[in-house]
Amino acid sequence: MLSRTAASLYWIGRYMERAEFTTRLVEATIRLAALGGHAHVDRAWQSALRVVGAPPLDTGKEGYGARRYLALSPDNSASIKSCIILARDNARAARTALTREVWEAINRAWLMIEARTSPGGVQQTLNLVEELKAETRGFEGALARMLRSEGYWFMRLGSMIERGDATARLLDVKYYLLLPEGQEVGGKLDRDQWTTILDIVSAKTAYRHLYREGLKPWLVADMLVFRRELPRSLAWTAEQTVDQLGEFGSRSGRQGPADRLARQRLARLDELDVGTIFRGGLHQWLQAYVRENNALGDAIAGQFRFA
Amino acid sequence: MADGSAFDELWGTGRGRKARPGFEALARWLADTPAIELDRRQQAAESAFRSLGITFSVYGEEAAAERIIPFDIIPRIFSAAEWERLSSGLEQRVRAINLFIDDVYGARKILKDGIVPADIVLNNPQYCIPVAGARPPHGVYAHICGIDLVRTGADDFLVLEDNARTPSGVSYMIENRDAMLRLCPELFDIFPVRPVDSYPELLRETLYSVAPDRARQPVCVLLTPGHHNSAFYEHSFLADNMGIELVEGRDLEVDDDVVWMKTIDGRVRVDVIYRRVDDAFLDPLVFRPDSLLGVPGLMAAYLAGNVTLVNAPGTGIADDKAIYSYMPEIVRYYTGEDARLANVETWRCRDPKALRHTLANLDKLVVKLVDGSGGYGMLVGPTASKAEIEAFGAALKAEPDRYIAQPTLALSTVPIHTESGMAPRHVDFRPFVLTGADGVTIVPGGLTRVALRKGSLVVNSSQGGGTKDSFVLAAEPEAGA
């Protein structure tokens, strides 16, 4: 496979994952914003903007400005629309490495969003979110039916690197914002915020299955970092990354720096627990994780010669 | 304009609405299939094309503008006898084209014999000096030709243009057939249609057959300018169906006159490049230095015989419109036979008499730039405004060498399905002719382009043309059947 094709596939995985994550972020934030007054609405959207690393902006009535920025703005290279445009661009370039089904799933998402410029009212944004969720499910379904070979592995690697990044940043921003000095942990607002996090990673029921206790921030953190049963946890994405890289290795008989980094990361996660992380500072730990995840992404690009 | 008098391929020249002999079954199918059903099928085809991304982009519009080419559901039909005549003419013409190219870059006998004036070859911007003297494997230069044909009567097929550089459109031949098989399966019970889906396989064999001698298991790739190119869908379609890599210039590098492609497992040596990049952009060291699409050193590798380029650089000398006017003589010179396919009568404006004739008849003629394509740089006299004619006349007088003129032809029409029922529209036809080590192969079919606007003669997709499937029949349908 051409190195350039590998790069395109990897980035299709990343952009589609990013589009899906931001879709869930918008949906959960709409729900969160609905729980309070005007000032609360603005706070909810500012926090969502922080999650994707966007600068603060005038969120406007019912968060219109933020909804537009996150979902459709061409000025935001990480908006859902921008991600889908970029994913399709890469899909066009790597067309011969995709199944017809995967191509059509991406192209359909693009046809759906390409001409949209305004998120409309809150209800219209929710409608858009529903459509987007259907499209990304279509993509994941098409991906799942692909032959397990390089094409599939590169897209999966891209998704896993992106997902690790998104989950870590979500946890970081929410944790850091939601436990301000002096505020009682477990208060009403707090609960809503943590529920929102679970919504974004679609894990509200999962939490109840895994933990028989009420909502506890450290348990939410435990779940999102360590529980391999949850497909959006850091441990799960780290394990998947090791597995996908292993597939290349078993085919070519060769391994590289990316394999080593991925295995070391997983081994370190295995030795940790949430108490240790909290004692050392969750924020610092997550920041380091995001950096390490980026380094792993670079190592993958280097190993397959598309850096 | 030509509507009233043009030859219709279904109804003939009579206005009696009686189908030509052998075409009754099509007329009956059209009568039996409700318009609403044709509508539905046409829309289903177009929506499938959109979802597959079978699009082209229009130059001069913003880069993001992607359109599908409108598709017409009513097939165009060639009888077995018509195809027999056409394909034998195409074979002869393409054989002559390759011999001509081999000659003008080699011994130049045709110039010495005074058949074609030396200056229009050697001073032609399409004459590629760097390849003179370098003979590609088996002396084949134009491996893929898309010969544009028009029809003016039951037995009158004329060559309008020989596309010997990087002709496109063959993916439409295959995708249109795919759509027809899905949407109008009953037609294939009525007509013994010859299949066209072997094209990618035949193309692959052609590419392998012209690999340099040293290559035991040759590696072939398709070189595309990239996914913003208007024909990118076709590039990916062909690479995919041939099972070869689709590469861009930046995926290749040349080392010691050997071409390599960069893969996830390291470098892989390349033997044959089916390039869909124009000569001018192939190699910035030899041609346009600003080209980012090509590969530095590619021409050196080609001249060293380490890689075969398909089509070879320099084939533009054979499809130049100034050379075109000499094609009947060229065919006779190399094959010893009269051309089986006629040319359209052509005035070369470089000749003062022809220029006077052209200037005096601008309102009746079609005037073309010798190096223009895609319907650009062209005057269609009968439909042009007075101002357009005046402006064009001035350009023509300034640089007569750059133009040829042809009569406005009464192009044949075929019925298309429109919102207000069936209507005749003008068509042309581009069959694809392959030449490999073992000679010429032609898939029974081609691209039919149709001018969707009433009366229009311009079929180019960039100017509002559409396409339809072209059936070539295996045997003569029984008269009256």
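Residue numbers (our numbering), protein chains in the order written: chain A, 21 to 327; chain B, 4 to 484.
Each residue gets a CB set at the ideal place from its N, CA and C atoms; glycine is no exception.
Examine chain E for any beta-carbon lying closer than 7 Å to the beta-carbon of residue i, and answer yes or no.
i        : result
A/Ala282 : Chain labels in this structure do not include chain E; the protein chains are A and B.
Against residue i, what residues of chain A qualify as contacts under a CB-to-CB distance less than 9 Å, listed in chain order?
i        : result
B/Phe235 : Arg112, Ala113, Arg115
B/Ser50  : The premise fails here: B/Ser50 is roughly 10 Å from chain A at the closest Cβ pair, so nothing lies under 9 Å.
Which residues in chain B sit within 8 Å of residue i, going by Cβ to Cβ distance?
i        : result
A/Ser23  : Asp254, Lys265, Thr266, Ile267
A/Trp123 : Leu55, Gly56
A/Ser272 : Asp268
A/Phe324 : Ile267
Can you tell me where the beta strand (DSSP E) with residue i in it begins and where it stops?
i        : result
A/Asp263 : From DSSP, A/Asp263 is part of no beta strand (DSSP E) but of the alpha helix (DSSP H) over 254 to 272.
B/His429 : 424 to 433
B/His230 : Premise fails: B/His230 is in no beta strand (DSSP E) and is neither H nor E.
B/Pro410 : 406 to 410
B/Val250 : 248 to 250
B/Val255 : The sequence as given places Leu at residue 255 of chain B; Val does not occur at that position. That run of the beta strand (DSSP E) goes 255 to 258.
B/Met166 : Sequence inspection shows Asn at residue 166 of chain B; the Met mentioned does not correspond to that position. Start and end: 159 to 166.
B/Gly469 : 468 to 475
B/Phe81  : 74 to 81
B/Leu368 : 368 to 372
B/Pro418 : 416 to 421
By the DSSP assignment, the alpha helix (DSSP H) with residue i in it spans what residues?
i        : result
B/Asn244 : 235 to 245
B/Met176 : 173 to 186
A/Trp31  : 23 to 53
A/Glu249 : No alpha helix (DSSP H) contains A/Glu249, which DSSP labels as neither H nor E.
B/Phe52  : 38 to 55
B/Ile118 : It is not in any alpha helix (DSSP H) - B/Ile118 carries neither H nor E in the DSSP assignment.
A/Arg311 : 302 to 323
B/Ala321 : 319 to 322
A/Val61  : 58 to 71
A/Gly161 : 142 to 164
B/Lys389 : 389 to 401
A/Cys103 : 100 to 113
A/Ile126 : 120 to 133
A/Gly85  : 84 to 91
B/Val334 : 330 to 338
B/Arg270 : From DSSP, B/Arg270 is part of no alpha helix (DSSP H) but of the beta strand (DSSP E) over 269 to 272.
B/Trp32  : 27 to 35
Report the CB separation of residue i from residue j in whole angstroms; it is logged as a contact under 8 Å.
i        : j        : result
A/Arg183 : A/Thr257 : 5 Å
B/Leu460 : B/Thr155 : No, B/Leu460 and B/Thr155 are not in contact; Cβ-Cβ is about 12 Å, not under 8 Å.
B/Asp322 : B/Ala135 : With 8 Å as the limit, B/Asp322 and B/Ala135 do not qualify as a contact, their Cβ atoms being about 18 Å apart.
B/Val446 : B/Ser201 : 6 Å
B/Pro140 : B/Thr311 : 6 Å
B/Leu186 : B/Ala47  : 6 Å
B/Ile407 : B/Thr349 : 5 Å
A/Phe324 : A/Ala26  : 5 Å
B/Leu210 : B/Val313 : 6 Å
B/Tyr144 : B/Asn101 : 6 Å
A/Thr42  : A/Ile133 : No, A/Thr42 and A/Ile133 are not in contact; Cβ-Cβ is about 12 Å, not under 8 Å.
Any heavy atom of the ligand SAH closer than 6 Å to the beta-carbon of residue i?
i        : result
B/Val173 : This structure simply doesn't include the ligand SAH, nor any ligand for that matter.
Under 9 Å between beta-carbons, which chain B residues line up against residue i? List them in chain order, please.
i        : result
A/Asn127 : Arg53, Ser54, Leu55, Gly56
A/Ile26  : Reading off the sequence shown, one finds Ala at residue 26 of chain A, where the question assumed Ile. In chain order: Thr266, Ile267.
For residue i, go through chain A and note every residue whose CB falls closer than 8 Å to its CB, in chain order.
i        : result
B/His230 : Asp109, Arg112, Ala113, Arg115
Segment contact flag, the region 431 to 441 of chain B with the region 143 to 152 of chain B, C-beta cutoff 8 Å, min 3 pairs: yes
The region 241 to 253 of chain B touching the region 21 to 29 of chain A, judged by at least three CB pairs closer than 8 Å: yes
Contact list for the region 238 to 250 of chain B against chain A, Cβ threshold 8 Å: Ser239, Ala242, Asp243, Glu248, Leu249, Val250
The region 109 to 124 of chain A touching the region 74 to 84 of chain A, judged by at least three CB pairs closer than 8 Å: no
Cβ pair count under 8 Å reaching 3, the region 464 to 474 of chain B against the region 67 to 78 of chain B: yes
Inter-stretch contact (C-beta, 8 Å, three-pair minimum) for the region 387 to 404 of chain B and the region 353 to 371 of chain B: yes
At least 3 beta-carbon pairs within less than 8 Å: the region 277 to 287 of chain A vs the region 307 to 324 of chain A: yes
Segment contact, 8 Å Cβ cut-off, at least three pairs: the region 239 to 246 of chain A with the region 212 to 224 of chain A: yes
Segment contact flag, the region 255 to 264 of chain B with the region 287 to 305 of chain B, C-beta cutoff 8 Å, min 3 pairs: yes
The region 39 to 53 of chain A contacting the region 88 to 102 of chain A, beta-carbon criterion three pairs below 8 Å: yes
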